[in-house]
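Residue numbers (this note's numbering): 19 to 184. Every residue, glycine too, gets a C-beta built ideally from N, C-alpha and C. Structure first, commentary second.
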């Protein structure tokens, strides 16, 4: 079984994925890191040199490869579930978890970063619009976790008390 973490940029998906991976002994894949390594560029450089459409195509290719994964924690870039019918595919590949963090917290975290190409202009408005466009797709996840506090324990107890075996 795979556990797939989705949510807004700066919601804590990568941190949660790392902790969860260590706790249950699953492999860890961070889609943004895989694409950066494959392209030998940062996400920001890919957006500047090759464009968002190219980046979204690379995400789609990765999702198609996930069919062969098992016992893996997959941390998705914020936009990955939104495009190319990826959320539907992710729901078929594993148990999806939406890390739903308040916009005020995402904004606070994003203010500390400068490497997010889609968050470079008018940050607050950009995040609000992004959230409005993405929320209904994120909510198609099997499990919704509100906030980061005790997220690992909530995920594990939800999986253990349901039909899913880890």
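If you follow the alpha helix (DSSP H) that residue 40 is in, where does it begin and where does it stop? Note, residue 40: alpha helix (DSSP H), 31-42.
Exposure of residue 117, with buried meaning 16 or more beta-carbon neighbours within 10 Å: buried
How about residue 156 and residue 121: do their beta carbons lie closer than 8 Å? no
Using DSSP with H/G/I as helix, E/B as strand and the rest coil, what is residue 174? helix
For residue 112, tell me which candidate among 94, 102, 33 has the shortest Cα-Cα distance. 94
Between the CA atoms of residue 114 and residue 179 - distance to the nearest angstrom: 16 Å
What distance in whole Å lies between the Cβ atoms of residue 170 and residue 41, which are believed to be in contact at a cut-off of 8 Å? 6 Å
Between residue 19 and residue 124, which are expected to be in contact by the criterion C-beta below 8 Å, what is the C-beta distance as a whole number of angstroms? About 28 Å separates the two Cβ atoms, so there is no contact after all.
So, helix, strand or coil for residue 51, using DSSP? helix
Which two residues bound the contiguous beta strand (DSSP E) that contains residue 73? Segment 70-83 is the alpha helix (DSSP H) holding residue 73; no beta strand (DSSP E) there.
Determine the contact status of residue 53 and residue 80, defining contact as a CB-CB distance below 8 Å. yes
So, using beta-carbon positions, are residue 163 and residue 173 closer together than 8 Å? yes
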